[in-house]
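Asker: Here my numbering is used: position 55 in the sequence shown is 90, and no number is missing along the way. Cβ coordinates follow ideal geometry from the N, Cα and C atoms, glycine included. I am attaching a structure below and will ask some questions about it afterwards.
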Amino acid sequence: MAIKHGSKVDKSFSASAMTDLMFLLLIFMVIATTLINPNALKLALPKSSNQLKDKAVTTVSIQQNGSSYNYYVELEQVDGIDGVSRALKARLAGQEDPTVSLHCDKSVAIDEVVKVMNIAKDNDYKLILATQP
Numbered sequence: 036m037a038i039k040h041g042s043k044v045d046k047s048f049s050a051s052a053m054t055d056l057m058f059l060l061l062i063f064m065v066i067a068t069t070l071i072n073p074n075a076l077k078l079a080l081p082k083s084s085n086q087l088k089d090k091a092v093t094t095v096s097i098q099q100n101g102s103s104y105n106y107y108v109e110l111e112q113v114d115g116i117d118g119v120s121r122a123l124k125a126r127l128a129g130q131e132d133p134t135v136s137l138h139c140d141k142s143v144a145i146d147e148v149v150k151v152m153n154i155a156k157d158n159d160y161k162l163i164l165a166t167q168p
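Below, the structure written as C-alpha cells:
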C-alpha cells in the first residue's frame with residue numbers, strides 16, 4: 036500500500052497582489068503631488084538662496100495683467116488692494132500669530148508689494164515673501 040503525502044508545496048507565484056499594491060501606490064503619488072503645490076497660479080518668482088520653513092496660513096498673489104494687476108487671496112481673485120485687505124481680515128480673524136505668504140511675479144512693481152506689506156504691518160500679520168530656491 037502506497038503512502039500519500041497530504042501537503043504539497045505550490046511553487047507558482049501570483050502577481051495579482053503586487054499589481055494591486057502598485058496601483059494603490061500610484062494613486063497615492065498622484066494625489067500627493069497635486070496637493071503639494073499650494074499656489075496654482077503660474078508666477079515667475081524671484082530666486083533666493085535663503086529659504087524659510089514657516090507654514091503660511093494664507094497666500095496673497097499679485098500677477099501683472101498688461102498695465103493693471105490681478106490680486107488673489109488663495110486662489111480667489113479680489114478687487115484691488117482693498118479687496119486683499121478685506122479678504123485677509125475675514126480669513127485671519129481670531130487666529131493666533133497669522134502668517135501670510137506673498138507670491139509676486141517678477142514683473143510686479145515694488146510699490147504693489149509694499150502695499151501688501153503695509154496691510155500686513157497694520158494688522159500685525161507675519162509676512163513671508165515667496166521665492167524660488
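From ASP132, SER102, GLY118 and SER103, pick the residue whose C-alpha is nearest to that of VAL95; which is it?
Answerer: Residue numbering aside, residue 95 sits at position 60 when the sequence shown is read from its first letter. Closest by alpha carbon: GLY118.
Asker: What is the DSSP secondary structure of GLU111, counted as helix, strand or coil?
Answerer: Indexing the sequence shown from 1 puts residue 111 at position 76. GLU111 falls in the strand class under three-state DSSP.
Asker: Across which residues does DSSP place ILE97 in a beta bridge pair?
Answerer: Mapped onto the sequence shown, residue 97 falls at position 62. According to DSSP, ILE97 bridges with TYR106 and CYS139.
Asker: Is it buried or exposed, ASP140, if we count other Cβ atoms within 10 angstroms and call 16 or more buried?
Answerer: Here the question's residue 140 lines up with position 105 in the sequence shown. Flag for ASP140 reads buried.
Asker: Which value, in whole angstroms, describes the spacing of the CA atoms of SER120 and LEU61?
Answerer: Here residue 120 is taken as the residue at index 85 of the sequence shown, counted from 1. Here residue 61 is taken as the residue at index 26 of the sequence shown, counted from 1. Cα to Cα, the separation comes out at about 41 Å.
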